[in-house]
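This report refers to the structure that appears directly beneath it.
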Amino acid sequence: MTETIALQPSRIATTFEALRAESKTAIMPFVTAGFPHMDTSEKIVLALAEAGANGFEIGIPYSDPLADGPTVQRSSQVSLENGTKLVDCIDLVRRVRAAGVSVPMVLMGYYNPLVRYGIDRFVADSAAAGVDGFIIPDLPVEECDVLQTACQKYQRDLVFMVAPTSTDSVLDGVAAHASGFIYCVSVTGVTGARDTMSKSLPEYLEHVRSKTNLPLIVGFGVSKPEHITEIGQHADGAIIASALMNYLNAFPESDQPAQAAHYLCYMRGDVDL
Numbered sequence: 120m121t122e123t124i125a126l127q128p129s130r131i132a133t134t135f136e137a138l139r140a141e142s143k144t145a146i147m148p149f150v151t152a153g154f155p156h157m158d159t160s161e162k163i164v165l166a167l168a169e170a171g172a173n174g175f176e177i178g179i180p181y182s183d184p185l186a187d188g189p190t191v192q193r194s195s196q197v198s199l200e201n202g203t204k205l206v207d208c209i210d211l212v213r214r215v216r217a218a219g220v221s222v223p224m225v226l227m228g229y230y231n232p233l234v235r236y237g238i239d240r241f242v243a244d245s246a247a248a249g250v251d252g253f254i255i256p257d258l259p260v261e262e263c264d265v266l267q268t269a270c271q272k273y274q275r276d277l278v279f280m281v282a283p284t285s286t287d288s289v290l291d292g293v294a295a296h297a298s299g300f301i302y303c304v305s306v307t308g309v310t311g312a313r314d315t316m317s318k319s320l321p322e323y324l325e326h327v328r329s330k331t332n333l334p335l336i337v338g339f340g341v342s343k344p345e346h347i348t349e350i351g352q353h354a355d356g357a358i359i360a361s362a363l364m365n366y367l368n369a370f371p372e373s374d375q376p377a378q379a380a381h382y383l384c385y386m387r388g389d390v391d392l
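Pasting the structure below:
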């Protein structure tokens, strides 16, 4: 499947430079590939892009996740039951790129499927499809050399997660190895919509900022327009995941792409739910 083509460098750096210049906070939706079905997840990505999403985190379904709360876990389970494989997630990105989606797209998944696929082959195929980077929650920075080497070879970004409990040594390691952006987990625990952001979020983000000049993107618990506003005072963007999925689950599958676009506009503060 690996293609020999001229690769476009990762879009992440230029995108966030442009957003910073305009003082805009990025909103990056999380979409599980293959949930509720692959054609619907594709339509949801296209609708969100049309509505102005600044980037995407595309979830690779996995049977034994460690960072996912119940909403995202359920989406992975349904996707796996639908037969979704790693190659299908790469092909999803390929199709939405062909349809004109130009914002950054990052694959989020766990390390074992990548190893079975072949690390170099995985990064090469992903790059050819238009993937800009990768988030691998169960890959410690101390063990990232193989994947990082492949990312550098194919000009992809390797994004690391940090948390309020991350030590200075971990933060220093992430700062030394990461590219694209840093995923700042807002709370200890797993993904899931929450009513309020942590009161210690500003201090935590300030500490991470002291270690790196990369954009900081906040995830876990982002569920209200007020959260986006608050995050924008201290970081460069936010990822919306469980809250978006919970909202869409209340609608028939056929209505979900249009409702996803509506929800993005709501989170941006443009409309009411």
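Numbering (this note's numbering), first residue to last: 120 to 392.
Positions of the beta carbon are idealized from the N, C-alpha and C atoms, including for glycine.
query = Under the rule that 16 or more other beta-carbon atoms within 10 Å means buried, what is Q234, buried or exposed?
reply = As written in the sequence, residue 234 is Val, which differs from the Gln given in the question. When all chains shown are included, V234 counts as exposed.
message = Does K272 pass the burial test, meaning 16 or more other C-beta atoms within 10 Å, or should it be called exposed?
response = With fewer than 16 Cβ atoms within 10 Å of its Cβ, K272 is classed as exposed.
query = For S142, which of P259, G292, Q352, M364 has the nearest alpha-carbon?
reply = The option with the nearest alpha carbon to S142 is Q352.
request  = Kindly indicate which three-state DSSP category F135 falls into: helix, strand or coil?
outcome  = helix
key: Supposed contact pair L205 and I402 - C-beta distance, whole angstroms, cut 8 Å   = In this structure the chain extends from 120 to 392, so residue 402 is not present and cannot be described.
query = Name the DSSP bridge partner or partners of I359?
reply = BP columns for I359 point to P148.
Coil, strand or helix - L335 by DSSP = Note: L335 maps to strand in three-state DSSP.
query = Can you tell me the Cα-Cα spacing of Q378 and L367, whole angstroms?
reply = 7 Å
request  = Could you tell me which residues DSSP pairs with Y302 in its beta bridges?
outcome  = Among the bridge pairs identified by DSSP, Y302 is matched with M280, I336.
task = Note down, in chain order, each residue of its chain lying with its Cβ closer than 8 Å to the Cβ of F393, except the 5 sequence neighbours on either side.
result = Examination of residue 393 is not possible in this model, given that the chain is present from 120 through 392 alone.
task = Count the C-beta pairs between the segment 156–163 and the segment 335–344 that are closer than 8 Å, then say yes if the count reaches three, no if not.
result = With a cut-off of 8 Å, the segment 335–344 and the segment 156–163 do not count as touching, because too few Cβ pairs lie within range.
ask   = Taking the alpha carbon of M224 as the point to measure from, which residue in P232, R214, Y230, L392 has its own alpha carbon closest?
value = R214
task = Determine the closest residue to V191 out of V327, Y302, D391, A152, with distance taken between C-alpha atoms.
result = A152
Beta carbon of A166 nearer than 8 Å to that of A297 = No; because the gap between Cβ atoms is not below 8 Å, this pair is not in contact.
Whole-angstrom distance between P321 and P184, CA atom to CA atom = Near 28 Å, if we compare the C-alpha coordinates of P321 and P184.
ask   = What residues in its chain sit with their C-beta under 7 Å from that of T203, if we drop five residues either side in the sequence?
value = A152, G153, M157, P180
query = By DSSP, does G249 sit in helix, in strand, or in coil?
reply = Of the three classes helix, strand and coil, the one that applies to G249 here is coil, per DSSP.
ask   = For the putative contact between M147 and I358, defined by C-beta atoms under 8 Å, what is the C-beta separation to the nearest angstrom?
value = 5 Å
query = For F177, which of helix, strand or coil comes out of DSSP?
reply = Before going on, a small fix: residue 177 reads as Ile here, not Phe. It is a strand residue.
Identity of the residue in L138, C208, V150, V222 nearest R130 by Cα = V222
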